[in-house]
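Chemist:
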Ligand SMILES: Nc1ncnc2c1ncn2[C@@H]1O[C@H](COP(=O)(O)OP(=O)(O)OP(=O)(O)O)[C@@H](O)[C@H]1O
Ligand SMILES: [Mg+2]
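In this note's numbering, the protein residues as written are 434 to 712.
1) For residue 513, which beta-bridge partners are listed by DSSP?
2) In whole angstroms, what separates the C-alpha of residue 504 from that of residue 495?
3) Determine the direct distance from the alpha carbon of residue 463 to that of residue 573, and round the result to whole angstroms.
4) Output needed for residue 680: all residues of its chain with C-beta closer than 7 Å, excluding positions within five of it in sequence on either side, in chain order.
5) Given a cut-off of 9 Å, decide if residue 473 and residue 662 are closer than it, judged by their beta-carbon atoms.
6) In three-state DSSP terms, what is residue 600?
7) Assuming residue 485 is part of the beta strand (DSSP E), what are its boundary residues?
8) For residue 548, name the three-state secondary structure that DSSP assigns.
9) Do you know how far the Cα of residue 455 is from the Cα of residue 626?
10) Could I get the ranges of all uninterrupted beta strand (DSSP E) runs contained in the segment 599 to 640, with 3 residues as the minimum, in chain order?
11) Keeping to the same chain, check which residues put their C-beta closer than 7 Å to that of residue 567; ignore five residues upstream and five downstream.
12) Taking the alpha helix (DSSP H) that residue 527 falls in, what are its first and last residues?
13) Per the contact definition of three or more C-beta pairs closer than 8 Å, is the segment 517 to 528 in contact with the segment 578 to 595?
14) If residue 582 sits next to residue 613, beta carbons under 8 Å apart, how far is it from one beta carbon to the other, in whole angstroms?
15) Going straight from the alpha carbon of residue 669 to that of residue 483, what length do you get?
16) Would you grab the beta carbon distance between residue 488 and residue 704 for me? Rounded to a whole angstrom, and I think it's under 8 Å.
17) Excluding the five sequence neighbours on either side, which residues of its own chain have a C-beta within less than 7 Å of the C-beta of residue 530, listed in chain order?
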């Protein structure tokens, strides 16, 4: 799956802290408006995994789009803080695994993975070599010439992951990256992702619906309110690393799980009943 050989560590990488301060986002469509995020404050620590969990429709993907720079917040500021504690003059290298992994059906697996490199003007031979390496990292060596339609959902999701890893980003933005995987593959990939992050120190933002995944992978978990999304709670996960399935047997694991579950349950109920803030 996500192999973790040292050869893939890029030197000179800068892993920033990301700050969202007072972020609000209003969608305007067909004369009506939707307040998706309201006064959201989050920090994604440098070289750490921050998980975001919250009811469906609370604005998680919207928050990722804003962080990625694909969408402008209606209010508030987004900043990237470098190792010197100062705002970076340019956004860092970011790559995203989107919720719907958006593969091009007419391109081969290899050409899907190499797409970002092609856009960046990387020469064909290097593109090919890097795409093959990224596919090897997600255990898909040998599938280079296949088309997405010839793969299972889980394999397509791993192509999506390879497409992000191939860019060797400083910031990895993951929108439910393991949602379409079977439970066993998901566990293995989660462990491998945890190891890769520990080793490379990338700043990772992980959106997930899974409390287990959030506690297993994250250093900090933000629980968001029902829409409009705001921070309901920030939970620091102080479990030893490296984490693995064995971490779920740590007595503290159950405590984190229950705390996040209780927070999430009240927000989900609020969104289902359309109470104020959840409408
Ligand atoms: N382009 C759009 N125009 C209008 N409303 C939108 C648009 N995109 C999203 N929304 C609304 O904004 C809210 C937040 O959407 P978003 O996709 O960020 O939620 P989410 O937390 O990622 O949900 P899920 O957990 O289901 O993926 C939702 O209520 C959604 O209906
Ligand atoms: Mg979403």
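We put the beta carbon where it would ideally sit given N, CA and C, even for glycine.
All values derive from a computational prediction rather than experimental measurement.
Modeler: So, to answer that:
1) 451
2) 8 Å
3) 43 Å
4) 649, 672 and 686
5) yes
6) coil
7) Unbroken beta strand (DSSP E) run through residue 485: 482 to 486.
8) Of the three classes helix, strand and coil, the one that applies to residue 548 here is helix, per DSSP.
9) 30 Å
10) 604 to 608 and 636 to 640
11) 546, 595, 598 and 599
12) No alpha helix (DSSP H) contains residue 527, which is instead part of the beta strand (DSSP E) from 527 to 530.
13) no
14) In fact, because the Cβ distance is near 15 Å, the residues do not count as touching under 8 Å.
15) 9 Å
16) Indeed, because the Cβ distance is near 4 Å, the residues count as touching under 8 Å.
17) 593, 594, 597, 607, 608 and 610
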